[in-house]
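Peer 1: Sharing a structure below in structure tokens format, with a few things to ask.
In my numbering, the protein residues as written are 16 to 119.
Now the structure itself:
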């Protein structure tokens, strides 16, 4: 998203402009109708950043010919799954008896 002239714009959906900040007890603060894209690998994120950068508003002034004149915010939500594997090791004691141990 981009904040430009006190308006919030969606850099991944240029037709969405003047978006509103909302708050709910479930979500906290969020930008209404902001496009969210699922990514499966880091390269997907890099491509989205490049696309958003292309859509930023830029304008020059005396001190900087390529000034963005805006602020951009990228939010990344990470959803991870932890997989546990159960390994069973048979360990022989010094006697002829055997024991079984489970490790997580």
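All residues carry an ideal CB built from backbone N, CA and C; glycine is no exception.
(1) Just mark residue 21 as buried or exposed, buried being the case when its beta carbon has 16 or more other beta carbons within 10 Å.
(2) Pick helix, strand or coil for residue 113, following the three-state DSSP scheme.
(3) Count the C-beta pairs between the segment 61 to 77 and the segment 24 to 42 that are closer than 8 Å, then say yes if the count reaches three, no if not.
(4) Between which residues of its own chain and residue 33 is the CB-CB distance below 6 Å, once the five residues before and five after are set aside?
(5) Suppose the cutoff is 7 Å on Cβ atoms and the five residues either side in sequence are ignored; what does the same chain contact list for residue 44 look like?
(6) Considering only residues of the segment 30 to 62, which uninterrupted alpha helix (DSSP H) runs meet the minimum length of 4 residues and lie entirely inside it, listed in chain order?
(7) Can you tell which of 87, 47, 98, 93 has the C-alpha that lies nearest to the C-alpha of residue 55?
(8) Run the CB neighbour count on residue 49, radius 10 Å, all protein chains shown included, and call it buried at 16 or more, exposed below.
(9) Secondary structure at residue 17, three-state DSSP: helix, strand or coil?
Peer 2: Working from what's here:
(1) In summary, residue 21 is exposed, with fewer than 16 beta-carbon neighbours lying within 10 Å of its beta-carbon over all protein chains present.
(2) Only weak support exists for where residue 113 lies, its pLDDT of 41 falling under 50; the coordinates are left without a value.
(3) Yes, the segment 61 to 77 is in contact with the segment 24 to 42.
(4) So the list reads 22, once near-sequence residues are dropped.
(5) Excluding sequence neighbours, residue 44 sits near 36, 38.
(6) Whole alpha helix (DSSP H) segments, 4+ residues: zero.
(7) Residue 93 is the option with its Cα nearest to residue 55.
(8) By the 10 Å Cβ count, residue 49 comes out buried.
(9) Three-state result, residue 17: strand.
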